[in-house]
Amino acid sequence: MADQIRGDMRQAGDPAVTSSEPQAAELQNRLLWQTRIFNERRASLSVVCEVPTIIEQRLFELARAISRELPS
């Protein structure tokens, strides 16, 4: 996806491609959406990677609390 965004950015800078108003508007809109989707996927990926760690930490603390309450 990043390569596609880079290609669209190169096209946006090319006067031959952006000479007509509808093409330029369509290219700009496509670039905007691709950038937004890319950023949202990147943010989601960090959340997906962090959540299992947070769950594991909570489970560890819960197991520790249960262990303290059990008779020796």
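Residues in the sequence shown are numbered consecutively from 730, following the numbering used here.
Glycine residues also receive a C-beta, built at the ideal position from the N, C-alpha and C atoms.
Terminal residues of the alpha helix (DSSP H) in which residue i lies
i, result
"Ser801", "Run containing Ser801: none; DSSP gives neither H nor E here."
Same chain, Cβ closer than 7 Å to residue i, five either side skipped, listed in chain order
i, result
"Ser802", "Here the chain comprises residues numbered 730 to 801, so residue 802 is not present and cannot be evaluated."
Close beta carbons around residue i, own chain, < 6 Å, minus the five adjacent residues each side
i, result
"Ser796", "none"
Cut-off 8 Å between Cβ atoms - residues of its own chain near residue i, not counting five sequence neighbours on either side
i, result
"Val816", "The requested residue 816 does not occur in the structure, where the chain is confined to residues 730 to 801."
Original post:
What are the uninterrupted segments assigned as alpha helix (DSSP H) that are 4 or more residues long and contained completely in the stretch 749-801, given in chain order?
Top reply: DSSP runs (the alpha helix (DSSP H)) wholly in the stretch 749-801: 750-798.
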